[in-house]
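Below you'll find the structure, written out as structure tokens, and then a few comments.
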């Protein structure tokens, strides 16, 4: 009898264009396994918002397997130990998996590969990490030449079809119940806004892609306007692998519009972020530019004023309407518009002089699309600490950004205390003398914050 084939699921929760699942299905009865391994990821175990998404994504994929008279085996604990135990219980000798680049998963793949026949496939990115090389054969560190090189290699790999049938083993190994993992918040249940904002699962991802097909041509003009519906909102579907970037690329391959070209750049940036953590596995923990280890960040763990400012930022109570709208959107929906992500991140780092890693931690816990590579790369870019980053001395002016990118309706939606204000007062009610009692004054003035940040930077460079 043909031996069962184990498919190790992680961030590839889909049936179609799933190379590991497809190859396993060709080889024998399939045992799909998902192991919730919080200990291996340590500080980057899934945060609250991601756990909410994971529950619904596994539930959706489980229904897809059930329609094919199959199921997903759920285990909690050390992934390597559980996968080897499942292999021992079922007589399986081969484990199929799509390759992942987070350092804890690379370590797990190495450990598993030493003890069994582990077959790894490229399923989650446009290209295998490390395959796009410089002229000298090295790895790219800077995005722009990386992007040019990636475009020269297009098209990416061909799409992998969904398995026509799934053969099941005679018996399945024991499985946890998804509800026993307690991934959903209960006391309190803060997920109401997220639940209203998102549909989860492979079908939902493709429905969103269909919607995006009618809007992608305007992406270059609309992407910086938080009040417009001008972005794809595919990021959490991509993160959890409910859809692959290769599927998106082939869906739009005949497009020749500026909007698609700019959106394609975002998909390439996603690859770039993985390429970065493949070279620098601790990128979410360590400054790439070591001189920033000496900058005088205000420490919220020892400084009460800094702790108060960090909390105000987290709660959307800074007195800067565009910053507060973004942070409240994040808390309510588990997501934030990309332009506003840059504004809020810059505000924490340069206006409040709080270490970017505090922001990375908060985004990790509150974003449904929290991604180790993208999160770290974007924060280090904003902080000026990264391998490819904005200069620290380029300090975003949130008030002028708000007016420039027509954020009035966005502010009205997420900061209802200001909904009655007209432009331009809604961007800076304090300045126009229209500050409602229910809304705070600025926790620091823009000029004062800018001078403080530049002074700290100057001292760091002198040291």
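In my numbering, the protein residues as written are 38 to 500.
Note that CB positions come from ideal geometry on N, CA and C, so glycine has one too.
These figures come from a predicted structure and were not determined experimentally.
Closest residue to residue i among the options (Cα-Cα distance)
i	options	result
residue 280	361, 238, 451	238
residue 111	213, 464, 374, 356	213
residue 538	339, 273, 314, 84	Nothing about residue 538 can be read from this structure; the chain reaches only from 38 to 500.
residue 255	150, 266, 243	266
residue 174	163, 246, 186	186
residue 205	435, 104, 331	104
residue 128	170, 192, 228, 207	207
residue 192	245, 461, 60, 162	162
residue 481	322, 347, 188, 85	347
residue 107	330, 153, 202, 498	202
residue 102	456, 62, 293	62
residue 408	247, 86, 259, 464	86
residue 437	233, 492, 461	461
residue 326	423, 190, 160	423
residue 80	242, 457, 322, 450	322
residue 387	493, 64, 242, 160	493
Contact under 8 angstroms by Cβ, residue i with residue j
i	j	result
residue 380	residue 428	no
residue 262	residue 92	no
residue 231	residue 405	yes
residue 356	residue 479	yes
residue 138	residue 311	yes
residue 123	residue 70	yes
residue 439	residue 337	no
residue 277	residue 489	no
residue 120	residue 72	yes
residue 448	residue 382	no
residue 360	residue 435	yes
residue 165	residue 58	no
residue 275	residue 286	no
residue 235	residue 271	no
residue 158	residue 60	yes
residue 374	residue 268	yes
residue 463	residue 455	yes
residue 351	residue 393	no
Status (buried if at least 16 other CB within 10 Å, exposed otherwise) for residue i
i	result
residue 397	buried
residue 459	exposed
residue 301	buried
residue 210	buried
residue 395	buried
residue 216	exposed
residue 496	exposed
residue 55	buried
residue 333	exposed
residue 24	The structure shown does not extend to residue 24, since the chain is modelled only from 38 through 500, so no value can be given for it.
residue 229	exposed
residue 289	buried
residue 170	exposed
residue 188	exposed
residue 293	exposed
residue 97	buried
residue 145	buried
residue 160	buried
Cα-Cα separation, residue i to residue j
i	j	result
residue 224	residue 218	15 angstroms
residue 109	residue 376	38 angstroms
residue 389	residue 486	7 angstroms
residue 324	residue 195	37 angstroms
residue 100	residue 88	18 angstroms
residue 371	residue 403	6 angstroms
residue 306	residue 417	14 angstroms
residue 126	residue 414	41 angstroms
residue 53	residue 66	18 angstroms
residue 328	residue 420	12 angstroms
residue 141	residue 74	10 angstroms
residue 412	residue 77	19 angstroms
residue 226	residue 354	22 angstroms
residue 259	residue 499	42 angstroms
residue 39	residue 51	25 angstroms
residue 401	residue 151	31 angstroms
residue 148	residue 155	10 angstroms
residue 450	residue 257	24 angstroms
residue 84	residue 90	10 angstroms
residue 477	residue 483	15 angstroms
residue 253	residue 309	21 angstroms
residue 385	residue 391	6 angstroms
Contact test: residue i Cβ vs the ligand COA heavy atom, cutoff 7 angstroms
i	result
residue 475	Within the structure as shown, the ligand COA is missing, as the structure has no ligands at all.
Minimum Cβ-Cβ distance from residue i to chain B less than 8 angstroms
i	result
residue 398	This model lacks chain B altogether; it includes just one protein chain.
- prompt: Do the stretch 439 to 458 and the stretch 318 to 334 meet, that is, are 3 or more Cβ pairs less than 8 angstroms apart?
  reply: no
- request: Decide if the stretch 293 to 310 is in contact with the stretch 114 to 121; the criterion is three or more beta carbon pairs, one per stretch, under 8 angstroms apart.
  value: no
message: Check whether the stretch 117 to 133 and the stretch 42 to 50 are in contact - that is, three or more C-beta pairs closer than 8 angstroms.
response: yes
query: Pairing CB atoms from the stretch 462 to 469 with CB atoms from the stretch 339 to 349, are three or more of them under 8 angstroms?
result: no
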